[in-house]
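Residue numbers (my numbering): 2 to 311.
Ideal placement from N, C-alpha and C gives every residue a C-beta, glycine not left out.
Computed from a predicted model, the values in this text were never measured in an experiment.
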Amino acid sequence: MRVLVTGGAGFIGSNLVDALVARGDEVVVLDDLSTGKRENLEAAGDRARLIVGSVADYDTVLAAAEGCELVYHEAAVASVQRTVEAPVETNQVNLGGTLNVLEAARAVKARRVVFAGSAATYGDNPDLPLREDAKPRPQSPYAIEKLASEQYVKVWADLYGLETVTLRYFNVFGPRQDPGSPYSGVISIFVDRLLRGQVPTIFGDGEQTRDFVFVSDVVRANLLAGTVDGVSGRVFNIAGGGPTSLNQLYGHLRSVIGGAERPNYAEARAGDIRHSLANIDAAHEGLGYRPGVPVAEGLARLVEAVRAAR
Ligand code: NAD
Ligand code: UD1
Numbered sequence: 002m003r004v005l006v007t008g009g010a011g012f013i014g015s016n017l018v019d020a021l022v023a024r025g026d027e028v029v030v031l032d033d034l035s036t037g038k039r040e041n042l043e044a045a046g047d048r049a050r051l052i053v054g055s056v057a058d059y060d061t062v063l064a065a066a067e068g069c070e071l072v073y074h075e076a077a078v079a080s081v082q083r084t085v086e087a088p089v090e091t092n093q094v095n096l097g098g099t100l101n102v103l104e105a106a107r108a109v110k111a112r113r114v115v116f117a118g119s120a121a122t123y124g125d126n127p128d129l130p131l132r133e134d135a136k137p138r139p140q141s142p143y144a145i146e147k148l149a150s151e152q153y154v155k156v157w158a159d160l161y162g163l164e165t166v167t168l169r170y171f172n173v174f175g176p177r178q179d180p181g182s183p184y185s186g187v188i189s190i191f192v193d194r195l196l197r198g199q200v201p202t203i204f205g206d207g208e209q210t211r212d213f214v215f216v217s218d219v220v221r222a223n224l225l226a227g228t229v230d231g232v233s234g235r236v237f238n239i240a241g242g243g244p245t246s247l248n249q250l251y252g253h254l255r256s257v258i259g260g261a262e263r264p265n266y267a268e269a270r271a272g273d274i275r276h277s278l279a280n281i282d283a284a285h286e287g288l289g290y291r292p293g294v295p296v297a298e299g300l301a302r303l304v305e306a307v308r309a310a311r
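Structure (structure tokens):
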């Protein structure tokens, strides 16, 4: 089967591309390489074809989608902080890009679109662990862009019979997550700093928590969301299934890598969520998803992979 993966040169997208190629699919990647990298597609070889272009341009998306039966929409500006700083620009990619992908999928008569949603849409909701029917409380442009995207995704299933599924990822970590910018995911930054002998910075008091999930589990959830019948129009939390505070995270990593007894602390970020924790019963019931890699094991695997790559 031919599959389109937007954002397929990025962290999650490229891990997904590898899994699709391994099961025999022919993959088209549409990526503008803003945070993604060509080398993330080296392992996939010539069964993955990269088109360099933006999801914000409809004609580009349409050309990339030609002949594709399944579409994974991973392309986005993934940094909450970046959307706070540049909301007009990120809306064009994060919301406009989703609409272009849905319209292109409809035009080429694709069977299904699987959308990379986000736990950020819940905001600071105290009803933890969060179920999919919890009231959304977006508190950043990013969360609004992902929530509005989800609604387009749902309505396109209702209006046009295009099968669509949203996976609300919680905090994903693993190999290929780029530590290279202040906007990068916290685990990639902490691992990079500690391996360089530097002291990472925690924004706030470090007691905020996240439900970290290893990338191989997110890839598996995506494979299931692309194939399982009877789930069109649904939304599923995809998470590791437990809370980790940033102070605990620092402690885990320090025990694997070594480093200063205490991290640096700086002012909390605007728009930051305090606690994020998923109920993953729906993903288990609907998709057969269960996380397979505990956080401590994922961190050890990640550190090994980063060390091996250096
Ligand atoms: P990433 O930055 O590694 O991947 C995003 C990819 O999209 C990159 O390859 C980037 O070059 C590409 N891209 C950005 N703008 C584009 C555009 N205009 N046109 C085409 N390609 C473009 O980040 P990631 O962590 O792999 O995120 C993948 C998806 O998962 C994103 O939609 C993100 O919002 C979502 N998500 C990520 C997490 C997480 O914890 N990493 C959690 C929830 C949701
Ligand atoms: C992350 C994802 C976002 C996703 C969301 C889902 C990234 C870059 N962001 O957002 O795409 O939709 O999860 O839950 O992957 N922090 C530090 N020090 C640092 C960097 C971060 O203390 O050097 C803190 C942040 O203030 C925050 C926590 O770590 O409290 C997590 O931050 P981050 O990794 O940027 O992720 P989220 O904002 O949760």
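- Annotated three-state conformation of residue 96 is helix, per DSSP.
- Taking C-alpha positions only, residue 288 is separated from residue 226 by approximately 7 Å.
- Selection 255, 229, 234 evaluated against residue 133 yields 234 as nearest (Cα-Cα).
- Fully enclosed beta strand (DSSP E) runs of no fewer than 3 residues occupy 27-32, 49-53 of the region 6-65, in order along the chain.
- Short note on residue 247: C-beta closer than 7 Å to some heavy atom of the ligand UD1.
- If you compare the alpha carbons of 308, 66, 210, 55 with that of residue 194, the shortest gap goes to 308.
- For residue 166, the pairing in a beta bridge is given by DSSP as 115, 235.
- For residue 203, the enclosing beta strand (DSSP E) begins and ends at 202-204.
- For residue 203, the shortest separation between its Cβ and any heavy atom of the ligand UD1 lies below 7 Å.
- Distance from the CA atom of residue 297 to the CA atom of residue 211, rounded to whole angstroms, is 14 Å.
- Under the 8 Å Cβ criterion, the region 39-49 does not count as touching the region 244-263, having fewer than three qualifying pairs.
- With contacts defined by Cβ atoms closer than 8 Å, residue 299 and residue 215 form a contacting pair.
- Taking C-beta atoms under 8 Å as the contact rule, residue 90 and residue 117 fail to qualify, at a distance of about 19 Å.
- In this structure, residue 266 and residue 203 form a Cβ contact; the two beta carbons are roughly 5 Å apart against a cut-off of 8 Å.
- The alpha-carbon separation between residue 303 and residue 263 amounts to approximately 22 Å.
- Here the alpha carbons of residue 84 and residue 142 stand approximately 6 Å from one another.
- In this structure, residue 79 has its CB closer than 7 Å to one or more heavy atoms of the ligand NAD.
- The C-alpha of residue 102 is placed about 25 Å away from the C-alpha of residue 138.
- Under the three-state reduction of DSSP output, residue 271 falls in the coil class, being neither helix nor strand.
- Here residue 30 is near residue 10, since their CB atoms are less than 8 Å apart.
- With a cutoff of 8 Å on beta-carbon distance, residue 223 and residue 150 are scored as not near each other.
- The region 123-196 is shown to contain whole alpha helix (DSSP H) runs of 4 or more residues at 142-161, 187-196, in chain order.
- According to DSSP, residue pairing for residue 72 in a beta bridge involves 5, 114.
- Distances taken from the Cβ of residue 274 to the heavy atoms of the ligand UD1 include one shorter than 7 Å.
- Pairing residue 167 with residue 157 gives a Cβ-Cβ distance that is not under 8 Å.
- Using a cutoff of 7 Å, the CB of residue 197 does not count as near the ligand UD1, since none of the ligand's heavy atoms is closer than that.
- Pairing residue 241 with residue 171 gives a Cβ-Cβ distance under 8 Å.
- Close CB contacts of residue 207 within its chain, under the 8 Å cut and outside five residues either way in sequence, are with 246, 247, 248, 251, 264, 266 (chain order).
- Residue 265 is bridged by DSSP to 202.
- Put simply, the backbone Cα of residue 19 is about 9 Å away from that of residue 220.
- Taking all protein chains in view, the Cβ of residue 113 is crowded by 16 or more other Cβ atoms within 10 Å, so the residue is classified as buried.
- When the five nearest sequence neighbours on each side are left out, the beta carbons in the same chain lying within less than 6 Å of the beta carbon of residue 154 are those of 116, 165, 167, in order along the chain.
- One Cα belongs to residue 54, the other to residue 126, and the distance between them is close to 36 Å.
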